[in-house]
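Participant: If you read the protein sequences in the order shown, they are chains A and B. 304 is the number that my numbering gives the last residue of the first sequence; the numbers go up by one with no jumps. 1304 is the number that my numbering gives the last residue of the second sequence; the numbers go up by one with no jumps.
There are 2 protein chains.
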Amino acid sequence: MEKEEFLRLLKEKSTRAEQIVLSYLPEKEGPQAKVYEAMGYSLAGGGKRLRPVLMRESFSLFSDREEWIHPFMAAIEMIHTYSLIHDDLPEMDNDDLRRGRATNHIVYGQAMALLAGDGLLNLAFETVADALQKRADDPAYVSRGIKAFGILSQKAGCEGMLGGQVADMLAEAKQEPCGEEELLFIHAHKTSALLQAPLMIGTLMGGATPEQVLSMERIGYRLGLAFQIRDDILDVTGSEEMLGKPIGSDEKNAKSTYVSLYGLQKAGEKVKQLSDLAREELSKLSKDTAFLEQLFSYLTERDY
Amino acid sequence: MEKEEFLRLLKEKSTRAEQIVLSYLPEKEGPQAKVYEAMGYSLAGGGKRLRPVLMRESFSLFSDREEWIHPFMAAIEMIHTYSLIHDDLPEMDNDDLRRGRATNHIVYGQAMALLAGDGLLNLAFETVADALQKRADDPAYVSRGIKAFGILSQKAGCEGMLGGQVADMLAEAKQEPCGEEELLFIHAHKTSALLQAPLMIGTLMGGATPEQVLSMERIGYRLGLAFQIRDDILDVTGSEEMLGKPIGSDEKNAKSTYVSLYGLQKAGEKVKQLSDLAREELSKLSKDTAFLEQLFSYLTERDY
């Protein structure tokens, strides 16, 4: 696929994913209206909708019953968004801006931002529970849905993304560089877990075999690491103009990265190796994975 | 049952509930150990374990397959505990002490307390997902479990407890007394929702009919209101010694309560009326509800 055609398609898919995600946010009157507004502010806050797009694409490799995957697309994006809201809070990264917009607590205050984050994490699971109840008479949906619920909750929690946040926070508090093992742990949890979840849940809900779902777990692990190392490289070689954020922040913060541990060249080789492995394993599914493979390349070769 | 015998039994049941709840907290090495420690600190922080006790008691009215209800007992207590951790944070109530112990953020710092709260909410759902996966071959468990998952997530979220927190926060920010309707909304969500959930989930998982589960929802609503109004009364008439906390705080904070709206006498009548209605409806289940009825009286007639 030509790059231009790919980018057009990606934009289309991101827009569609966003519509689907936002359709799961309740519209309410009354005292809860304010917290739904705060939740919606961040949920509608743009971005490429990478996680729901990955989920929908992996689902459609195996099934065309589109609507089966919609609630899980909403759930993963709600969990991603809650983690950003809490991450931006003063007690965490204390960020005022995200994707060029004021962060949640700047707009709604710290207490409401806390509750909006809690609300999104909770709503993710309400959405899953609702989907399971609505299709309770369909044994295939229930059986797959329960497994998907398990993956979602595990990859979001202390054995997944949240565990990575904690490890990252503890590493920074130590104020000494961390080793490769620690760095891998942080990235595998903080970044990879929420990329593994959509790939695994998408294929699982579509009807993939347990082996294929495990294969997606490995693919997501590599994609996450490659994505993160690329991020570290761009913090050194990128331009602030392209990235839309200051560069050199890792060095300034004396933060251990793949680049500081191994240098630019080896980091670049690692990205390529991980990305190649991910695409290679994806092609072994013998499905029409062209778009996903190109999306992997795009994410790991980006210069912004 | 004699009061003394009842209190002995309650203590026994609370201790057993605590054991069950704590058995669902993973013991881990590695970077997540610290967040599990922080989660465990608050989860082991005492209290009467009212919610898991209510859940186990309502379950056992209908079934003796004890272990069916254990994961849900853990889940409801994790959700209750997460809400306390986040509630105590500086951006919310800014409390240093809870039940005579330092609050989570005082011991572990604000960032870790935030993540420990998130971790408990997430772990509640991991626990439910795990239970559903382990008994995926039992259609009765799956069918009831999915409904219980729905009730749990709804009563914890913006249509339940969290919605009550938000309404309470907005009411306080207005700095003017709120009316009865607003007050009822706050209590019905902030207090009743997490009492309805254990009563409903307990009976549902035990095999009650949908009508009986709805009956438990009404019972929990009344129990929560009665409990809360009793709390408001004690803030006026109680002794600091008995309560273990300062009295008169509602008046000092110009907080609207049932007492400030209607006076002590009418508030007392309301408690009795709600409590009687709850026990009356409970007795209509035609089960051995003696302990639960006495627990309701105990909670709404307490003087501490």
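Every residue gets a Cβ at the ideal spot worked out from N, C-alpha and C, and that includes glycine.
1. Note down the Cα distance separating ILE151 of chain A from GLY157 of chain A, rounded to an integer number of angstroms.
2. Roughly how many angstroms separate the alpha carbons of GLN175 of chain A and LYS1034 of chain B, rounded to a whole number?
3. Would MET1092 of chain B pass as an interface residue toward chain A - the criterion being a Cβ-Cβ separation below 7 Å?
4. Are the C-beta of PRO1031 of chain B and some C-beta of chain A separated by less than 7 Å?
5. For chain A, find out if any of its Cβ atoms is closer than 7 Å to the Cβ of GLY1179 of chain B; answer yes or no.
6. Which residues in chain B sit within 9 Å of GLU126 of chain A, going by Cβ to Cβ distance?
7. Could you name the residues of the region 1020–1052 of chain B whose beta carbon sits closer than 7 Å to any beta carbon of chain A, in the order they occur along the chain?
8. Evaluate the contact criterion for the region 57–67 of chain A versus the region 205–218 of chain A: three or more CB pairs, one atom per stretch, below 8 Å.
9. Scan the region 216–296 of chain A and note each continuous beta strand (DSSP E) run of 3 residues or more that stays entirely inside, going in chain order.
10. Residues of chain A with a CB under 9 Å from the CB of HIS1070 of chain B: which are they?
11. Rounded to a whole number of angstroms, what is the C-alpha to C-alpha distance between GLN1212 of chain B and ASP1276 of chain B?
12. Whole angstroms are fine: how far does the CA of MET1169 of chain B sit from the CA of GLU1281 of chain B?
13. Are the beta-carbon atoms of ILE1106 of chain B and ASP1096 of chain B separated by less than 7 Å?
14. Please report how far the alpha carbon of LEU1120 of chain B lies from the alpha carbon of GLU4 of chain A, in whole angstroms.
15. Pick from A:GLU217, A:ARG302, A:ALA193, A:SER283: whose alpha carbon is nearest that of GLY268 of chain A?
16. For GLN1273 of chain B, would you say it is in contact with chain C, using Cβ-to-Cβ distances shorter than 7 Å as the test?
17. Mapping DSSP to helix, strand and coil, what is ALA1111 of chain B?
18. So the candidates are A:ARG144, A:LYS272, A:LYS190, A:ALA148; which of them puts its Cα closest to the Cα of GLN165 of chain A?
19. Taking Cβ-Cβ distances shorter than 7 Å, what residues in chain B pair up with GLN110 of chain A?
20. Go through its chain and collect everything with a Cβ distance to GLU293 of chain A's Cβ below 8 Å, but skip five positions before and after it.
21. Any residues in the region 130–146 of chain A with a beta carbon nearer than 8 Å to a beta carbon of chain B? Which ones, in chain order?
22. Is LEU1025 of chain B helix, strand or coil by DSSP?
23. Rounded to the nearest angstrom, what separates ASP1250 of chain B and ALA113 of chain A at their Cα positions?
24. Just the C-alpha distance for VAL1021 of chain B and ILE1229 of chain B, rounded to the nearest angstrom, thanks.
25. Considering only C-alpha positions, which residue in the set B:LEU1184, B:TYR1221, B:LEU1183, B:ILE1186 is nearest to MET1200 of chain B?
26. From which residue to which residue does the alpha helix (DSSP H) around HIS70 of chain A run?
27. What residues from chain B crowd round GLN165 of chain A, counting only those whose CB sits closer than 8 Å?
28. Does the region 1115–1133 of chain B touch the region 1048–1055 of chain B, meaning 3 or more C-beta pairs lie closer than 8 Å?
29. Only counting the same chain, and skipping five residues up and downstream in sequence, which positions put a Cβ closer than 7 Å to that of THR300 of chain A?
30. Run through chain A and tell me which residues come within less than 7 Å of LEU1121 of chain B, C-beta to C-beta.
31. Of all the options B:ASP1118, B:MET1092, B:LYS1048, B:VAL1142, which has the alpha carbon lying nearest to the alpha carbon of VAL1128 of chain B?
32. Can you tell me whether LEU223 of chain A is buried or exposed, with buried defined as 16 or more other CB within 10 angstroms of its CB?
33. Who are the neighbours of MET1169 of chain B on chain A, taking C-beta pairs under 8 Å?
34. Look up ALA1102 of chain B in the DSSP assignment and give the residues it is bridged to.
35. By Cβ distance, which residues of its chain are closer than 7 Å to LYS1347 of chain B, with the 5 residues on each side in sequence left out?
36. Counting only Cβ-Cβ distances shorter than 9 Å, please list the residues of the region 194–214 of chain A near chain B, keeping chain order.
Facilitator: This is what the structure holds:
1. 10 Å
2. 17 Å
3. yes
4. yes
5. no
6. GLY1150, SER1153, GLN1154, ALA1156, GLY1157, CYS1158, GLU1159
7. PRO1031, GLN1032, LYS1034, VAL1035, TYR1036
8. yes
9. none
10. Within 9 Å Cβ-Cβ: nothing; HIS1070 of chain B doesn't reach chain A, min ~17 Å.
11. 18 Å
12. 33 Å
13. yes
14. 45 Å
15. A:ARG302
16. No chain C is present in this structure, whose protein chains are A and B.
17. helix
18. A:LYS190
19. GLU1091
20. ARG279, LEU282, SER283
21. ASP130, LEU132, GLN133, ALA136, VAL142, SER143, ILE146
22. coil
23. 26 Å
24. 28 Å
25. B:TYR1221
26. 70–88
27. LEU1115
28. no
29. ALA226, PHE227, ARG230, VAL271, SER275
30. ASP118, LEU121, ASN122
31. B:VAL1142
32. buried
33. ALA111, MET112, LEU115
34. B:LEU1097
35. The requested residue 1347 of chain B is not part of the displayed model; chain B covers only 1001 to 1304.
36. none
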